[in-house]
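Here's the structure we're looking at; comments come further down.
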Ligand code: DX5
Ligand code: ZN
């Protein structure tokens with residue numbers, strides 16, 4: 153698959169979210185970080201806010217759930233029209249069942265791994281998923297530095313998926329810049345979340361284009 157750039161609205165102006173979504177209309181999707189102050193020490197928004205934002209967004213929604221009790225909450229995001237819903241492996245009780253529920257509700261199913269969570273225990277269930285998210289920072293906050301120690305895991309996941317009969321995207325999230333995106337792409341990632349490097353730029357659509365060019369180089 154060609155590379156995808158998904159800006160994270162965690163770094164957007166929260167007083168102008170509709171305009172901030174319109175500013176990234178050249179992106180492949182908007183990355184929506186949902187945090188519950190339990191799974192991560194930060195708090196953002198829930199289904200009613202995400203539902204309304206989806207209604208006014210020119211791009212699909214890629215929801216990243218950094219929450220506990222995710223088996224219960226994740227299906228709601230599919231039901232309100234989010235195109236892709238990602239839960240954390242560390243938080244899900246029944247990841248296979250949850251992925252199937254998300255797909256039945258019409259969403260793509262993603263599973264995320266924190267930087268220190270190995271991919272190997274999950275290799276057998278990857279066929280149940282549309283996307284594997286390998287966190288390249290500890291989840292919770294934007295603006296952190298890319299962790300190079302996650303590169304071997306991206307590589308191992310990409311090798312394991314090379315001959316997979318079902319296509320599976322490898323997403324990376326955290327500290328993605330024009331420089332780190334090159335290393336992540338070389339390791340095998342093809343969906344890139346970028347918060348501060350898009351919304352911190354003067355021209356978000358130019359930043360998206362620059363990231364795309366760097367990833368595809
Ligand atoms: C962090 C979030 C990220 C965050 C990335 O927990 O999952 O999506 O917005 O922000 P940057 O790109 O600034 O590291
Ligand atoms: Zn995220």
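In this note's numbering, the protein residues as written are 153 to 369.
Where is the CB? At the ideal position from N, CA and C, for every residue including glycine.
Every value quoted in this text rests on a predicted model; they were computed, and no experiment measured them.
My assumption, with CB atoms under 8 Å, is that residue i sits in contact with residue j. Please give the rounded CB distance.
i           : j           : result
residue 363 : residue 157 : 5 Å
residue 340 : residue 322 : 6 Å
residue 344 : residue 359 : About 12 Å separates the two Cβ atoms, so there is no contact after all.
residue 222 : residue 244 : 5 Å
residue 161 : residue 199 : Actually they are not in contact, since the Cβ atoms of residue 161 and residue 199 sit about 16 Å apart, beyond 8 Å.
residue 116 : residue 288 : Outside the displayed range of the chain (153 to 369) lies residue 116, so it cannot be described from this structure.
residue 193 : residue 262 : The pair is not a contact, with the Cβ atoms about 22 Å apart (cut-off 8 Å).
residue 333 : residue 305 : Incorrect: roughly 17 Å between the Cβ atoms, too far for contact.
residue 307 : residue 271 : Contact doesn't hold; Cβ gap of about 10 Å is too wide.
residue 237 : residue 217 : 7 Å
residue 242 : residue 269 : 6 Å
residue 282 : residue 250 : Not really, about 13 Å apart at Cβ, beyond 8 Å.
residue 290 : residue 267 : 6 Å
Short of 8 Å in beta carbon distance, which residues of its chain neighbour residue i, apart from the five on each side in sequence? Order them along the chain.
i           : result
residue 211 : 173, 176, 177, 179, 180, 181 and 182
residue 149 : Any property of residue 149 remains undetermined from this structure, which presents the chain solely from 153 to 369.
residue 196 : 162, 185, 186 and 187
residue 248 : 277 and 280
residue 154 : 342 and 368
residue 330 : 349, 362, 363 and 366
residue 143 : One cannot answer for residue 143 here, as it falls past the ends of the chain, which runs 153 to 369.
Relative to the ligand DX5, is the shortest distance from any of its heavy atoms to the C-beta of residue i smaller than 8 Å?
i           : result
residue 287 : yes
residue 291 : yes
residue 328 : yes
residue 162 : yes
residue 369 : no
residue 279 : no
residue 190 : no
residue 294 : yes
residue 347 : yes
residue 263 : no
residue 183 : yes
residue 283 : no
What does a CB cutoff of less than 6 Å around residue i pick up in its chain, not counting 5 residues either side in sequence?
i           : result
residue 240 : 264
residue 295 : 348
residue 253 : 227
residue 189 : 195
residue 337 : 367
residue 214 : 158, 181, 183 and 236
residue 313 : 320
residue 318 : 279
residue 357 : 178
Which same chain residues end up closer than 7 Å to residue i when comparing Cβ atoms and leaving out the 5 residues on each side of it in sequence?
i           : result
residue 310 : 322, 339 and 340
residue 164 : 172 and 351
residue 191 : 218, 219, 220, 240 and 243
residue 354 : none
Looking at the C-beta of residue i, does it have a partner C-beta in chain D at a distance below 9 Å?
i           : result
residue 329 : Looking at the structure shown, chain D is missing, and only one protein chain is on hand.
Meets three-Cβ-pair contact criterion under 8 Å: the stretch 293–300 and the stretch 269–285: no
Kindly provide the chain-ordered list of residues whose Cβ lies closer than 5 Å to any non-hydrogen atom of the ligand ZN. 185, 216 and 325
Quick check: the stretch 256–269 against the stretch 224–240, are there 3 or more CB pairs under 8 Å? yes
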